[in-house]
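Protein chains in written order, with the working numbering: chain A, 218 to 540; chain B, 1154 to 1711.
Glycine included, C-beta positions come from ideal geometry on N, C-alpha and C.
Note that this is a predicted model, so its numbers are computed, not measured.
Structure, as C-alpha cells:
Rendered as C-alpha cells:
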C-alpha cells in the first residue's frame, strides 16, 4: 500500500527545506539589521552615507542621492536572497508534502507529522505569494523562524512512518475539516508573527527608541492594521473548522459536541480570538492589549496542537507518535 | 502608547456624593445601572475571556459525561484530592453552576446588546444617509480638485457614480451642491445575524439535550436485536423524553469486517484500518432492507441514527456435562482491554450442577513471553481463549450482576489434579475437559461484535442551520466595509458664463466604520470617475492631504 521510494523522497525534500530555511532566516535577519540601521541613519541625517557601490555598469537609481540609500539597497539584496531561499524552501516543503501524500495514496493529513508538514507548506505559500504582491521582506524573519520550528519539531519529535489511515479518519471531512484547520493555523501563525512585530515596534515607538532592526519594520499603526487583517481572515476559517468538525463528529462518534479535549481547546481558541476582535472594537481597550489577547490565542493554538495531542487522552488521538 | 489614565483631573467637589445629598440610585436606577454594565462591550469581553479560562479544567480533569471510567480511576488513585475537585465541580465542568453562570450572563449580555442594535439598524435601514458635515478636513480621508465644469453637472455625475457603486444616496435638496452617500449596511446586518445565530445554536443544543436520547447496545454477528426502552445495555433519556418515545425496529448484524495495520511498524502497527459492516433493518409494516454501514457512515432508522463505535470478539463456546449433553452454547462477548484486543470476559453456565463459571481472557494473537500470555496483534492470527473455572452459586441471593464479571464470593475455583488452579487454553476447534469430571468445554469459532450507539437528537439540524447562519454573518461582518462618502461642489466665483473660467471645486470626504485601509483608493477612484463622468477637465489637482507616505499605499485589503 505504501510506496517506500516516494516516502523516502518526501523525507529528503523536507530535510532539504529545513536546510534551506536556515540561511533564508539568517538572510532576513541581516536584511532587518542592515535596513534598520540605514533607516536610522536616514532619520538622523547626521551620519555620512555609507556607500555600497552598486555593480559596475548598472545605472545608479536616483534614490542614491539619499543618504543611506546604498545601505538600503544592500539590505534589500539580503532580503531578496532570503526571499529566494524561502521560495526554494516553499517548493521543497510542498514537494515533500505532496510526495508524502502520493506515497500513501491519500491526503497527507493523517497524523501529527503530516499536519505539521501541511501547516509549514501553507504558511510558506501564503508568505511567498504575499511577498510577490507586496514588499514583505521585513516579515521574512518572523515567518521563517516559526516554520523552521514547526518543521524541525515535526522531523525530530513527531516523525511518523508513512502508512494508511485509521477508519475514523477515512472520510471526506478529513480533507474539508483538517485542511481548513491547517489553513487557519498557518494564518494564525503569520498573525502571531505580525502581532509580535507590532508589539515590539509599538514599544519602541512609545519609548521613542526606534533604532536598530526595529527601525526596519513598518510603523506600528500599519503593522497593527495588517495583524488585524490576517486575523479577520483566519477567524471565520477557524469558525468553519469548528462547524465542520462538529458535522464530522456527528457522523463518526454520534454526537456533534462532546467536550473532548480537542473540542474544548478548539472552542477555547475560538473564544479567545473572538475576545480579540471584541477587544479591538472596545474603545476602552488599547490595541496593544487587544493584540496581547491575539497572542494568547496563538498560545492556545500551539497548545491545542502539541499539548492536547501528546498529553491529553481523548478521541482526537491521531498523533501517530508512540508514547 | 497608553494614553488612558495618564493624568486624571480630580474633580473639585467632594467625591462622596451622599455627603452632598446628590442624586441617589433607587432600585430602578440600580437595575438600570446593572443592565448597562452587563450589556457593555467591556463586560462581554471579560465574560468571553472568563469562558475561555473556565473551559480549561474540563480538558485537564476527566469528565463524568465523557469518560466516567477515568473519573472513577481518579477517585481510586487520589481519593482526597478527587473529593475536593469534585466539590468544585471539576469532573462536571460543563454542567457546573459556575460554568453555566458565565455563559448565561454572556447570553444575557448578548441579548441586551443585540436587541437595541437591531432596533437601531432597522431605523438606519429606513433612514437616509446623514447630512454632510460642514468641514471635510476633519474626516480621515478627503480630497479637493478644481474642475472646469458646470456645478450641477458635477453633482449629477457624483450622484450617478455613487449610485452605480451601490451607495445609498441622501435625497437631493433643491439646488444643493452636496451629496451624502452610505453603503455597507450588510456589515451591521451580518453582525446581528452572527450574534442571533450564536444564540440560536445554544438554544438548539439545549433542545437537543432536553428532547434527545441515546442508547448503547452490543450486537454480535448474525444476531438480531430489537429496539425498545428495555433492550439497550445503557439508555439515557433527555429530561423531557418518555420511554414510550423510543421507536421499535429490528437490526440484524449480518457481517462485520475489521482489519488492522500489519505492514507499517512502530506506533502505526496494529492500528485499525477497515471497520465496516452490513446490517438488515426491519421496521413494522416494511420490507427488511440491507444496508452497509461503518465508521463515518451511520445507519439512519426511524428518526434515529445508529453508529458503529466499538468492536471486539465473541468466542462461540459450548459447554457439555460429562454425559455429553449441552449445558451452554453461545457466543460470549469479551471486552477488549487494550489496543491489541487482549479481551476479558466470563462464561456463566447456570445449567450445570453445581453452577459453573469460567473467567479469563481472549487473545486474538497469542504471544507467550516473560510477562505471561498476551496478545501481540489485534487481528485473528492465532486466537486463544485462556480460562479458569469456578464452581458454586453463580447468582447468590439472586442479585443482578454484570454479564462481564463473576461474583466469586460464593464460588470456589476449580482445582486441577496437581492442586494448581484450573487453567484451560483453547484454540478454535479445541475441546478440553473441565478438571474433576465436570464435563467439557469447546471453543467452536470466534465471531465479532459491534458496539452500536443509537441516538436521537432533534436539535441537530437547527444547530447546523444556525451555525451556518453564524458563519455567513461573520463573513459579512468582517468582510463588508461600511463607508460614508460626502461630496460637496462649490460654484465658481465670478461670472459663471465666461467660458474657460469655471473653476468648480469638488471636495470628496469619506468616513469609515472601523479599520478600512482601502478608503484612500476608493476616494481616489471616485474623484477620477466623477471628473470624467461630468465631462470636465481637471484644472487643479488640489493639495490633497491625507495622502501620507508611499508606504501607506502598501496596505492589505485582507
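If we cut at 8 Å on Cβ distances, does residue i have a partner in chain B?
| i | result |
| --- | --- |
| residue 378 of chain A | yes |
| residue 542 of chain A | Not covered by the structure: residue 542 of chain A. The range shown for chain A is 218 to 540. |
| residue 325 of chain A | no |
| residue 464 of chain A | yes |
| residue 388 of chain A | yes |
| residue 222 of chain A | no |
| residue 414 of chain A | no |
| residue 477 of chain A | yes |
| residue 188 of chain A | The structure shown does not extend to residue 188 of chain A, since chain A is modelled only from 218 through 540, so no value can be given for it. |
| residue 279 of chain A | Residue confidence for residue 279 of chain A is low, a pLDDT of 43 falling below 50, so the modelled location carries little weight and cannot support an answer. |
| residue 301 of chain A | no |
| residue 330 of chain A | no |
| residue 427 of chain A | no |
| residue 284 of chain A | The pLDDT assigned to residue 284 of chain A is 47, lower than 50, so where the model puts this residue is not dependable; a value taken from the coordinates is nonetheless given after this. For residue 284 of chain A, the answer is no, since every Cβ of chain B falls outside 8 Å of its Cβ. |
Where does residue i land, buried or exposed, given buried means 16+ other C-beta within 10 angstroms?
| i | result |
| --- | --- |
| residue 1269 of chain B | exposed |
| residue 1183 of chain B | exposed |
| residue 1547 of chain B | buried |
| residue 1720 of chain B | Nothing can be reported for residue 1720 of chain B: it is not among the residues displayed for chain B, which extend from 1154 to 1711. |
| residue 438 of chain A | exposed |
| residue 424 of chain A | exposed |
| residue 1669 of chain B | buried |
| residue 1499 of chain B | buried |
| residue 1188 of chain B | exposed |
| residue 1363 of chain B | exposed |
| residue 504 of chain A | buried |
| residue 1380 of chain B | buried |
| residue 1610 of chain B | buried |
| residue 529 of chain A | buried |
On the three-state DSSP scale, how would you describe residue i?
| i | result |
| --- | --- |
| residue 1682 of chain B | helix |
| residue 1385 of chain B | coil |
| residue 1225 of chain B | helix |
| residue 379 of chain A | coil |
| residue 1604 of chain B | strand |
| residue 330 of chain A | helix |
| residue 1434 of chain B | strand |
| residue 1464 of chain B | strand |
| residue 1503 of chain B | coil |
| residue 1449 of chain B | coil |
| residue 473 of chain A | coil |
| residue 353 of chain A | coil |
| residue 1243 of chain B | coil |
| residue 294 of chain A | helix |
| residue 1530 of chain B | coil |
| residue 1639 of chain B | strand |
| residue 1663 of chain B | strand |
| residue 478 of chain A | helix |
| residue 1489 of chain B | strand |
Of all Cβ atoms in chain A, is any one closer than 8 Å to the Cβ of residue i?
| i | result |
| --- | --- |
| residue 1740 of chain B | What the structure shows of chain B is the stretch from 1154 to 1711, and residue 1740 of chain B is not part of that stretch, so it cannot be assessed. |
| residue 1437 of chain B | no |
| residue 1608 of chain B | yes |
| residue 1460 of chain B | yes |
| residue 1679 of chain B | no |
| residue 1194 of chain B | yes |
| residue 1527 of chain B | no |
| residue 1287 of chain B | no |
Taking the alpha-carbon of residue i as reference, which of the options has the nearest alpha-carbon?
| i | options | result |
| --- | --- | --- |
| residue 1536 of chain B | B/1185, B/1271, B/1465 and B/1383 | B/1465 |
| residue 451 of chain A | A/529, A/378, A/515 and A/296 | A/515 |
| residue 228 of chain A | A/317, A/340 and A/398 | A/317 |
| residue 311 of chain A | A/298, A/498, A/327 and A/333 | A/333 |
| residue 1409 of chain B | B/1246, B/1366, B/1213 and B/1463 | B/1463 |
| residue 1715 of chain B | B/1493, B/1522, B/1485 and B/1311 | Since the first residue shown for chain B is 1154 and the last is 1711, residue 1715 of chain B is missing from the structure and cannot be characterised. |
| residue 404 of chain A | A/443, A/418, A/434 and A/239 | A/443 |
Taking Cβ positions only, does residue i come closer than 8 Å to chain C?
| i | result |
| --- | --- |
| residue 1212 of chain B | Going by chain labels, chain C is absent from the structure shown, which instead holds the protein chains A and B. |
Q) Fully enclosed by the region 1175-1241 of chain B, which alpha helix (DSSP H) runs are 4 residues long or longer? A) Listed in chain order, the complete alpha helix (DSSP H) runs (minimum 4 residues) inside the region 1175-1241 of chain B are 1180-1191, 1194-1208, 1210-1213, 1221-1230 and 1232-1240.
**Q.** Every unbroken alpha helix (DSSP H) inside the region 1302-1369 of chain B [4 residues or more]
**A.** For the region 1302-1369 of chain B, whole alpha helix (DSSP H) runs of length 4 or above, ordered along the chain, are 1304-1317 and 1338-1364.
**Q.** alpha helix (DSSP H) segments (min. 4 residues) lying fully within the region 1569-1627 of chain B
**A.** With a minimum length of 4 residues, no continuous alpha helix (DSSP H) run stays inside the region 1569-1627 of chain B.
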